[in-house]
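In order, the protein sequence lines correspond to chains D and Z. Numbering-wise, my numbering comes out as the position in the first sequence, counting from 1, plus 1035. Numbering-wise, my numbering comes out as the position in the second sequence, counting from 1, plus 1457. These notes concern the structure reproduced below.
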Amino acid sequence: MTTTETRPLPTGPVVRTERVSVRVRTRVVTATVALLVAAAVLGALAMTLGDYQLSVGQVIGALTGSGSRAQEYVVLGLRAPRVVLALVVGAALGVGGAVFQSLARNNLASPDLLGFTTGAASGALIAIVLVGGGPAGTTIGAIAGTLVTAVVVQALLGGAVGGYRLVLVGIGVNAVLAAFNNFLILRTDLSTAVAAQSWLVGTLNGRGWTQVVVVAIALAVLVPIAAAGSRRLDLLGMGDDVARGLGVAVERTRVTTLLVGVALVGVATAAVGPVAFVALAAPQLARRIMGTTGPGVLAAGLLGAVLLLAGDVLGQHLAAPTQFPAGTMTAAVGGLYLVWLLAREWRAGR
Amino acid sequence: MSHRLRAEGLTLAYEQRTVIRELDVAIPDGSFTVIVGPNACGKSTLLRGLARMIKPAAGSVTLDERPITAYGSKEVARRLAVLPQSPTAPDGITVLDLVARGRYPHQSLLKQWSVADEEAVRAAMAATGVAELAERDVAQLSGGQRQRVWIAMVLAQQTPLLLLDEPTTFLDIAFQLDVLDLCADLHAGGERTLVAVLHDLNHACRYATHLIAMREGAIVAQGPPGEIVDADLVRAVFGITCEVVPDPQTGTPMIVPAGRETRRRRREAAAAEDPVAVTPS
Chain D
1036 MTTTETRPLP TGPVVRTERV SVRVRTRVVT ATVALLVAAA VLGALAMTLG
1086 DYQLSVGQVI GALTGSGSRA QEYVVLGLRA PRVVLALVVG AALGVGGAVF
1136 QSLARNNLAS PDLLGFTTGA ASGALIAIVL VGGGPAGTTI GAIAGTLVTA
1186 VVVQALLGGA VGGYRLVLVG IGVNAVLAAF NNFLILRTDL STAVAAQSWL
1236 VGTLNGRGWT QVVVVAIALA VLVPIAAAGS RRLDLLGMGD DVARGLGVAV
1286 ERTRVTTLLV GVALVGVATA AVGPVAFVAL AAPQLARRIM GTTGPGVLAA
1336 GLLGAVLLLA GDVLGQHLAA PTQFPAGTMT AAVGGLYLVW LLAREWRAGR
Chain Z
1458 MSHRLRAEGL TLAYEQRTVI RELDVAIPDG SFTVIVGPNA CGKSTLLRGL
1508 ARMIKPAAGS VTLDERPITA YGSKEVARRL AVLPQSPTAP DGITVLDLVA
1558 RGRYPHQSLL KQWSVADEEA VRAAMAATGV AELAERDVAQ LSGGQRQRVW
1608 IAMVLAQQTP LLLLDEPTTF LDIAFQLDVL DLCADLHAGG ERTLVAVLHD
1658 LNHACRYATH LIAMREGAIV AQGPPGEIVD ADLVRAVFGI TCEVVPDPQT
1708 GTPMIVPAGR ETRRRRREAA AAEDPVAVTP S
């Protein structure tokens, strides 16, 4: 045997048992641990900071049932649901963004830029105005709105396309839907309009365990489907013919993952209103941090969770006592990120 | 001779335009089959049809005595590998990771990197001479190296049938020969059947054991190049006047196009005979 044949492949560590065999990517493991730590630190900040300052010990006391009534109310009733909601909504947006971006083979194909989020808002607004909202009505409305928008955008684009056409279609769809949303709000009575408007900002304020439960159930059902489809999406990125040649059922993969993405974005938007930036940035940042090439559905979800929680913590405490909604924070950061991304695509000549 | 891959009454169409109509073809097992023909004659379409990239408008493709549509997606990919034209490498992917993707049809959610996977990837990289490039970014390779990496990926599928759609396009002459030599090596064992679409007729004659010449969606002639390629065939397929001489290096047929003046006179004579059937060049 020659030396080239015996030299081990640079695969990194490999775990093999009777049923399982996987390559362990050291950087992915490190990055995942780092992100989990970041989420824990942000969560601790969110639980302790505020008008009613608590120590970490007091928070743990309240969580385990040995705190005072006031502490328990602040922790369990106000702060914990908000933190968990930021995590689950961020995860849903991150996973949804990863799915859409890899389906369109375009980093700009995020649900907010394409108008899906505004479409979700339209659906939810119709539900709020016509049937008075409620978590079920808003959620179903938002999913239906996302689905209709996705179908329309898909028809307008007709397959994978370059950045500018995608952005232009997104601008058009967003403008039409935003106008429609305004029309709906103006037509309704004042109290409904105020409720709708506050929802439209995209905030974690005034949400509770109900929303957490809805989004968490959606995650539990949909994320495994998305994760199982992650490798197929990855192969689709090399072109339909290559993917089909490797044994990917192209059409079925596309329809399944599209529906999963639509449902995740719809549910997340129904819970907190339209939140910009997270679905756009999470998949790309995840790829950069993890050093991977695929859609990285789970990594995008984890990063989305951290991003939205960070946005909410910053929004609450950056300029306290003034509070910014998480959606405003993420939109501000996202605008800058988008400009940078477009400038980069421009230079790459796409 | 047996034929694991064949098509009967195959009609292939894009939207409204029918490219291939009711075509019968059988790929001889163990051959290096090369499909040639003028631009837009349907040679790539035929290859894509055989590789189930296009759903036939009529007729069927048979793989190992069963309709190719009767197999599961991964099952087909374990028997037949195909390298399409201009595939896209994901941003920042390494050579090893790209070649490893060829193992997808052999893997499952839990079994993603078995000993067999590792051996297949190692063998594919060794056979294509890209083992030294394992950790390089695919985007930074030369065109010829990149094509070797893509071939390594489909090779890692370890299929008895390997289909390549214009594997030499966009490569300079040295890399073209390099890729064709590689194909000849892959074919040499006798267990693998190769099918490739090529542009260069002289290359096709040198490397193919079985040649399929197409024009306007139909097969004009097929067989070993030495038996079927002559001046009449080249005129019938490409519409050019030429001389066919033995290749001084290999003895296979070599096409030497006639000079410009001869071809022009020939064209005028043909036009005078039959004003409708004027062919180009």
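Yeah, the Cβ is synthetic: ideal placement off N, Cα and C, and Gly gets one too.
Handout entry: Residues that Ala1546 (chain Z) contacts on chain D, provided the C-beta gap is smaller than 8 Å
Key = Met1273
Handout entry: Within the segment 1272-1342 of chain D, ranges of the alpha helix (DSSP H) (whole runs, at least 4 residues)
Key = 1275-1280, 1285-1307 and 1313-1325
Problem - Three or more C-beta pairs below 8 Å linking the segment 1161-1177 of chain D and the segment 1131-1145 of chain D - result: Look at the beta carbons and you see the segment 1161-1177 of chain D not touching the segment 1131-1145 of chain D: under three pairs across the two are nearer than 8 Å.
Problem - Residue of Z:Gly1466, Z:Pro1524 and Z:Asp1486 minimising C-alpha distance to Thr1616 (chain Z) - result: Z:Asp1486
Problem - Pair within 8 Å by beta-carbon distance, Ser1488 (chain Z) and His1656 (chain Z) - result: no
Practice task
Mind reading off the beta-carbon distance from Leu1203 (chain D) to Leu1192 (chain D)? Whole number of angstroms is fine, and I expect it under 8 Å.
Solution key: Incorrect: roughly 10 Å between the Cβ atoms, too far for contact.
Practice task
Specify, as a first and last residue, the run of the beta strand (DSSP E) that Glu1718 (chain Z) falls within.
Solution key: Per DSSP, Glu1718 (chain Z) belongs to no beta strand (DSSP E); it is in the alpha helix (DSSP H), Arg1717 to Glu1730.
Exercise for the section: Using the Cα positions of Ile1712 (chain Z) and Leu1658 (chain Z), report the straight-line distance between them to the nearest angstrom. Expected result: 7 Å
Exercise for the section: Assign Met1458 (chain Z) to buried or exposed, taking buried as 16 or more other Cβ atoms, counted over all protein chains shown, within 10 Å of its Cβ. Expected result: Exposed: under 16 other Cβ atoms inside 10 Å.
Handout entry: Selection from D:Thr1363, D:Gln1358, D:Leu1271 and D:Val1300 that minimises the alpha carbon distance to Arg1558 (chain Z)
Key = D:Leu1271
Exercise for the section: Consult DSSP for Phe1359 (chain D) and reduce its assignment to one of helix, strand or coil. Expected result: coil
Exercise for the section: Tell me, please, whether the CB atom of Pro1146 (chain D) is closer than 8 Å to any CB atom in chain Z? Expected result: no
Problem - Residues bridged to Ser1517 (chain Z) (per DSSP) - result: Partner(s): Z:Glu1465.
Practice task
Compare the C-beta of Arg1385 (chain D) against all C-beta atoms of chain Z and say whether one is closer than 8 Å.
Solution key: Residue confidence for Arg1385 (chain D) is low, a pLDDT of 48 falling below 50, so the modelled location carries little weight and cannot support an answer.
Practice task
Rounded to whole angstroms, what's the CA-CA distance from Pro1009 (chain D) to Ile1175 (chain D)? Just pull it up for me.
Solution key: Since the first residue of chain D shown is 1036 and the last is 1385, residue 1009 (chain D) is not available in this structure.
Exercise for the section: With 8 Å as the threshold, decide whether the Cβ of Gly1167 (chain D) is near any Cβ in chain Z. Expected result: Taking 8 Å as the CB threshold, Gly1167 (chain D) stays off the interface with chain Z.
Practice task
My understanding is that Arg1593 (chain Z) touches Leu1639 (chain Z), with C-beta atoms under 8 Å, so please give their C-beta distance in whole angstroms.
Solution key: The pair is not a contact, with the Cβ atoms about 18 Å apart (cut-off 8 Å).
Practice task
With 9 Å as the C-beta to C-beta threshold (strictly closer), list the residues of the segment 1519-1545 of chain Z near chain D in chain order.
Solution key: Gly1529, Ser1530, Lys1531, Glu1532, Val1533, Ala1534, Arg1535, Leu1537, Ala1538, Val1539, Leu1540, Pro1541, Gln1542, Ser1543, Pro1544 and Thr1545
Practice task
Tell me the start and end of each unbroken alpha helix (DSSP H) in the segment 1594-1642 of chain Z that is at least 4 residues and wholly inside, in chain order.
Solution key: 1600-1612
Exercise for the section: Quick one: using the 10 Å Cβ neighbour count with 16 as the cut-off for buried, is Ala1653 (chain Z) buried or exposed? Expected result: buried
Practice task
Would you decide whether Lys1500 (chain Z) is buried or exposed? Buried here means 16 or more other CB atoms lie within 10 Å of its CB.
Solution key: Lys1500 (chain Z) is buried by the Cβ-count criterion.
Exercise for the section: Could you tell me whether any Cβ in chain D is nearer than 8 Å to the Cβ of Lys1512 (chain Z)? Expected result: no
Practice task
Count the CB pairs spanning the segment 1338-1345 of chain D and the segment 1061-1078 of chain D that are closer than 8 Å, and state whether there are at least three.
Solution key: yes
Practice task
May I ask which residues mark the beginning and end of the beta strand (DSSP E) holding Glu1576 (chain Z)?
Solution key: No beta strand (DSSP E) holds Glu1576 (chain Z); the alpha helix (DSSP H) holding it covers Val1572 to Ala1584.
Practice task
Classify Gly1085 (chain D) as helix, strand or coil using the three-state DSSP reduction.
Solution key: coil
Exercise for the section: With 8 Å as the threshold, decide whether the Cβ of Pro1356 (chain D) is near any Cβ in chain Z. Expected result: no
Exercise for the section: Using the DSSP secondary-structure output, state which residues sit across from Thr1173 (chain D) in a beta bridge. Expected result: None, per the DSSP bridge assignment.
Practice task
Please confirm if Asp1276 (chain D) has its CB atom under 8 Å from at least one CB of chain Z.
Solution key: yes
Practice task
Determine whether the Cβ of Gln1473 (chain Z) lies closer than 8 Å to any Cβ atom of chain D.
Solution key: no
Practice task
Using only alpha-carbon positions, find the residue among D:Thr1061, D:Pro1259, D:Thr1181 and D:Arg1266 that is nearest to Ala1303 (chain D).
Solution key: The candidate whose alpha carbon is nearest that of Ala1303 (chain D) is D:Thr1181.
Handout entry: Glu1592 (chain Z) at chain D interface by Cβ criterion, 8 Å
Key = yes
Practice task
Rounded to whole angstroms, what's the CA-CA distance from Gln1706 (chain Z) to Gly1683 (chain Z)? Just pull it up for me.
Solution key: 14 Å
Practice task
Please determine, among Z:Glu1576, Z:Val1518, Z:Val1595 and Z:Glu1479, the residue with the shortest C-alpha to C-alpha distance to Arg1463 (chain Z).
Solution key: Z:Val1518
Exercise for the section: For Val1652 (chain Z), write down the residues that DSSP places opposite it in a beta bridge. Expected result: Z:Thr1490 and Z:Leu1620
Exercise for the section: Look up Thr1475 (chain Z) in the DSSP assignment and say whether it is helix, strand or coil. Expected result: strand
Handout entry: Under 8 Å by beta carbon: chain D residues contacting Glu1575 (chain Z)
Key = What Glu1575 (chain Z) touches in chain D, judged by beta-carbon distance under 8 Å, is Leu1044, Thr1046 and Val1049, going in chain order.
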